[in-house]
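So the sequences go chain by chain: L and R. FYI, this note's numbering numbers position 41 of the first sequence as 41, with every residue one higher than the one before it. Adding 61 to a residue's 1-based position in the second sequence gives its number in this note's numbering. The C-beta atom is built at its ideal place from N, Cα and C for all residues, glycine as well. Only one structure is covered here, and it is reproduced in the block below.
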Amino acid sequence: MRRLGAGLVGHARRLLVGTELSVDDALAVAAGEVSNPGIAASALRDGWAAAEQAGVGGRSK
Amino acid sequence: MSAEWFELGQRLHAATSGRLVPRLRHAPLLAGAKPVAVRATEQGGVVRVSAAAPGGQPGSGQGLDGLALLAGLGVSLDEPEPATLVTDDPGTLRTLLGLARTVAVGCAADAVAGHIAWWADRADFPGGGAVADVVAGCRARWISGQAPKAEYGAALWRDRLGVGDASVAGVLDVYAQATAGDPLRFLSDLATDDSFSYDMARKAHCDGWDWRRPDQTSRAACGLRGRCDAADLYAAALLSDPLWRARSVHAGSVVVGRIAVDAPATQRVVPVACARLDARLRAGAEVLWWLGAPGEVPDADYTGTVGAGAVVGGQLVLDVKTPFNRPTLKAGDLVTLMPAPPSVHRQHHGQMVYRKLQYSRRSWLTSGTAPAVRRRSVPLDVLLAGASDD
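What follows is the structure in structure tokens.
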């Protein structure tokens, strides 16, 4: 797994203020390695899952 | 709203995988029939233009020579078809417009200047095909593993898309990738509007109308109406994309829920228990809905209207007025709702009415008088909801 760039780490840190998640936590939660019931964790997982499924065909409205 | 966290999840995936992550499944830019890549810079009062067309060598010129270069690439109101300005530099159009303003009315370069003015006019129509900012297009289509600020640079996208040519010709290579594949729904409708607008600009040029003069109020009003319609249509175009819909669940504009009680086909109002409280669909909102998840679209979808909403037992329940042609719904069925797209036909009709008002002496648009205010009663629950701090 590649390391995150300093710019992205700073960006993620700002977005995670108030969520009690560190950037490393966010990465682990998004990848599904750690479970977390919070709203932020749920959104991170959904975003990660959407990225994984993005190559799979889908239909449009 | 958790859309920013959703996007962070995508961004972290892109960073760890080292690949671009699609933000959309469809192209957010329509491939123009006549793209012309342009970069323009100003230094010491001298404007330098570099430009290239597909398959040709890039050229450059200063001042009026730069405009002659563009004319040679088909950028002129004398041409029956418009050229698409393709650029990766946000300052290019402003610089070109400044150069166009220096051209005297009626001189040889006036048709080129008029075409640049048309670009400037159309640039703020969302989803329009007259001007393509490839950096904005790439940002709309993909997420990189970098911080968002880094995505404003063209070099990042050239690198990620494997475009080695940093000259103006390379802009066309980035454009080709940003426009590849099926475009978003409604982009062709927006392109039709571009074509109509170009024909109007050509006619105005032939009639000797000077684009340098400020718009009359009536003309500005028509332009504002057109821009608002384009913005509504582009918002609907984005929601037509399954990946954007997945994100929009976290922004509240797409709502996922379950049918709260069994509803036979004859029952008009169907309660939907939403999965989240932050739905942005309000009472009276026209919606498009279907059985299934946001990304799984069955053949049948239905229109409806949100009747009322209430929080019951900590869960938002929306009453949706449904049409008669819907199937029987069972309690627990998964349902997705999103704002109904605007009617393109209705938009065209509305703009046509505005254009007629523009040329009618007695209309409120040309007489300068404010139209009569029409008021309507507002339901008490809407007033209470607006006044509430919750």
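Legend entry - Status (buried if at least 16 other CB within 10 Å, exposed otherwise) for Gly189/R: Position 128 of the second sequence, counted from the first residue, corresponds to residue 189/R. When all chains shown are included, Gly189/R counts as buried.
Legend entry - Closer than 7 angstroms at the beta carbon, the chain L residues around Pro83/R: For this step, residue 83/R is matched to residue 22 along the second sequence. Neighbours of Pro83/R on chain L, chain order: Ala54.
Legend entry - Rounded separation between Asp323/R and Leu395/R - CA only: In the second sequence, counting from the first residue as 1, residue 323/R sits at position 262. In the second sequence, counting from the first residue as 1, residue 395/R sits at position 334. C-alpha separation (whole angstroms): 12 angstroms.
Legend entry - Straight-line Cα distance separating Ala132/R from Leu160/R: Translated into positions along the second sequence, residue 160/R becomes position 99. Translated into positions along the second sequence, residue 132/R becomes position 71. Approximately 14 angstroms, taken between the alpha carbons.
Inset, instruction - Using a Cβ cut-off of 7 angstroms (strictly closer), state whether Gly70/R contacts chain L. - result: Within the second sequence, the letter at position 9 stands for residue 70/R. Yes, Gly70/R lies at the interface with chain L (some Cβ there is under 7 angstroms from its Cβ).
Inset, instruction - Between the Cα of Trp350/R and those of Ala94/R, Leu390/R, Ala230/R, spot the shortest distance and give me the residue it belongs to. - result: Residue mapping note: residue 350/R aligns to position 289 of the second sequence, counting from 1. Minimum Cα distance to Trp350/R is reached at Leu390/R.
Legend entry - Contacts that Arg45/L makes with chain R (C-beta to C-beta distance below 8 angstroms): Taking the first residue of the first sequence as 1, we reach residue 45/L at position 45. Near Arg45/L (Cβ distances below 8 angstroms), the residues of chain R are Gly70.
Inset, instruction - Put Pro96/R into one of helix, strand or coil per three-state DSSP. - result: By 1-based counting over the second sequence, the position of residue 96/R is 35. Looking at Pro96/R - three-state DSSP - the assignment turns out to be strand.
Legend entry - Spatially closest choice to Glu105/R from Val147/R, Ala112/R, Thr156/R, Thr148/R, by CA coordinates: Counting from 1 along the second sequence, the entry for residue 105/R is found at position 44. In the sequence on display, residue 105/R carries Gly and not Glu. Checking every option, the nearest Cα to that of Gly105/R belongs to Thr156/R.
Legend entry - Buried versus exposed, by CB contacts within 10 Å (16 or more), Val107/R: Taking the first residue of the second sequence as position 1, residue 107/R is located at position 46. By the 10 Å Cβ count, Val107/R comes out exposed.
Legend entry - Under the three-state DSSP convention, the category His74/R falls into: Within the second sequence, numbered from 1, the residue matching residue 74/R stands at position 13. Helix, per DSSP.
Inset, instruction - Note down the Cα distance separating Ala75/R from Leu146/R, rounded to an integer number of angstroms. - result: Here the question's residue 75/R lines up with position 14 in the second sequence. Here the question's residue 146/R lines up with position 85 in the second sequence. Cα to Cα, Ala75/R sits roughly 30 angstroms from Leu146/R.
Legend entry - Candidates Ala298/R, Arg280/R, Arg263/R: closest to Asp245/R by CA position: Locating residue 245/R in the second sequence gives position 184, counting from the first residue. Checking the sequence, you will find Leu at residue 245/R rather than Asp. Of the candidates Ala298/R, Arg280/R, Arg263/R, the one whose C-alpha sits nearest the C-alpha of Leu245/R is Ala298/R.
Inset, instruction - Taking Gln277/R as the query, report the chain L residues whose CB atoms sit under 8 angstroms from its CB, ordered along the chain. - result: Here residue 277/R refers to the residue found at position 216 of the second sequence. The contacting residues do not exist; Gln277/R stays about 39 angstroms from chain L at best.
Legend entry - 7 angstroms Cβ cutoff met for Ala64/R and Ala312/R: For this step, residue 64/R is matched to residue 3 along the second sequence. For this step, residue 312/R is matched to residue 251 along the second sequence. In contact: Ala64/R and Ala312/R (Cβ atoms closer than 7 angstroms).
Legend entry - Coil, strand or helix - Ser121/R by DSSP: Within the second sequence, the letter at position 60 stands for residue 121/R. In this structure, Ser121/R counts as strand in the three-state DSSP scheme.
Legend entry - Given Val106/L as reference, the closest of Gly93/R, Leu69/R, Thr102/R once Cα atoms are compared: Residue 106/L lies beyond the stretch modelled for chain L, which goes from 1 to 61, so this question has no answer here.
Legend entry - Run of the alpha helix (DSSP H) containing Asp293/R, from where it starts to where it stops: Stepping through the second sequence from its first residue, residue 293/R is reached at position 232. Here the alpha helix (DSSP H) through Asp293/R covers 278-300.
Inset, instruction - Determine the direct distance from the alpha carbon of Gly117/R to that of Asp24/L, and round the result to whole angstroms. - result: The count along the first sequence starts at 1 and reaches residue 24/L at position 24. The count along the second sequence starts at 1 and reaches residue 117/R at position 56. About 49 angstroms.
Legend entry - Beta-carbon gap between Val196/R and Asp149/R smaller than 7 angstroms: Translated into the one-based positions of the second sequence, residue 196/R becomes position 135. Translated into the one-based positions of the second sequence, residue 149/R becomes position 88. Going by C-beta atoms, Val196/R is nearer than 7 angstroms to Asp149/R.
Legend entry - Beta-carbon contacts of Ala56/R that lie in its chain and below 6 angstroms, excluding the five residues immediately before and after: Nothing can be reported for residue 56/R: it is not among the residues displayed for chain R, which extend from 62 to 451.
Inset, instruction - Return yes when the Cβ of Ala31/L is within less than 7 angstroms of the Cβ of Pro23/R, no when it is not. - result: As displayed, chain R neither begins before 62 nor continues past 451, which places residue 23/R out of reach and without an answer.
Legend entry - Top-ranked residue by Cα proximity to Ala178/R, from Arg306/R, Arg423/R, Leu377/R, Met261/R: Position 117 of the second sequence, counted from the start, is the residue given in the question as residue 178/R. Closest by alpha carbon: Met261/R.
Legend entry - DSSP state of Arg59/L mapped onto helix, strand, coil: Walking along the first sequence from the start, residue 59/L turns up at place 59. Any reading at Arg59/L needs caution, since the residue's pLDDT is 42, under 50, leaving its predicted position unreliable; the model's value is listed next. In this structure, Arg59/L counts as coil in the three-state DSSP scheme.
Legend entry - From Ser279/R, Gly225/R, Phe67/R, Asp250/R, residue whose alpha carbon lies closest to that of Asp293/R: Sequence index remark: in the second sequence, residue 293/R carries index 232 (1-based). The option with the nearest alpha carbon to Asp293/R is Asp250/R.
Inset, instruction - List the residues of chain L that Pro209/R touches, going by C-beta distances under 8 angstroms, in chain order. - result: Here residue 209/R corresponds to residue number 148 of the second sequence, with the count starting at 1. What Pro209/R touches in chain L: His11.
Legend entry - Spatial distance of Phe385/R from Val378/R (CA atoms): Your numbering for residue 385/R matches position 324 in the second sequence. Your numbering for residue 378/R matches position 317 in the second sequence. Rounded to the nearest angstrom, the two C-alpha atoms are 21 angstroms apart.
Legend entry - Identified DSSP bridge partners for Cys335/R: Residue 335/R sits at position 274 when you count from the first residue of the second sequence. Paired residues: Gly318/R.
Inset, instruction - Taking only the alpha-carbon atoms, compute the straight-line gap between His266/R and Leu138/R and give it to the nearest angstrom. - result: Position 205 of the second sequence, counting from 1, holds the residue named residue 266/R. Position 77 of the second sequence, counting from 1, holds the residue named residue 138/R. So the alpha carbons of these two residues sit roughly 7 angstroms apart.
Legend entry - Proximal residues to His176/R (C-beta, below 6 angstroms), its chain only, five neighbours per side dropped: What you label residue 176/R is simply residue 115 of the second sequence in a count that begins at 1. Val136, Ser137, Leu138.
Legend entry - Classification of Ala51/L by the beta-carbon crowding that lies within 10 angstroms, buried from 16 upward: Looking up residue 51/L in the first sequence gives position 51. It is buried - the Cβ of Ala51/L has at least 16 other Cβ atoms within 10 Å.
Legend entry - Contact with chain L by Phe247/R, beta-carbon distance below 7 angstroms: What you label residue 247/R is simply residue 186 of the second sequence in a count that begins at 1. By this cut-off, Phe247/R is not an interface position.
Legend entry - Contact with chain R by Leu21/L, beta-carbon distance below 7 angstroms: Translated into positions along the first sequence, residue 21/L becomes position 21. Chain R contact via Cβ: absent.
Inset, instruction - Assign Pro143/R to one of two classes, buried (16 or more other C-beta atoms within 10 Å of its C-beta) or exposed (fewer than that). - result: Taking the first residue of the second sequence as position 1, residue 143/R is located at position 82. Buried: at least 16 other Cβ atoms inside 10 Å.
Legend entry - Where Thr153/R falls, given that 16 or more other Cβ within 10 Å makes a residue buried: Counting from 1 along the second sequence, the entry for residue 153/R is found at position 92. So Thr153/R ends up on the buried side.
Inset, instruction - To the nearest angstrom, report how far apart Gln277/R and Ala174/R are at their CA atoms. - result: Within the second sequence, numbered from 1, the residue matching residue 277/R stands at position 216. Within the second sequence, numbered from 1, the residue matching residue 174/R stands at position 113. Approximately 20 angstroms, taken between the alpha carbons.
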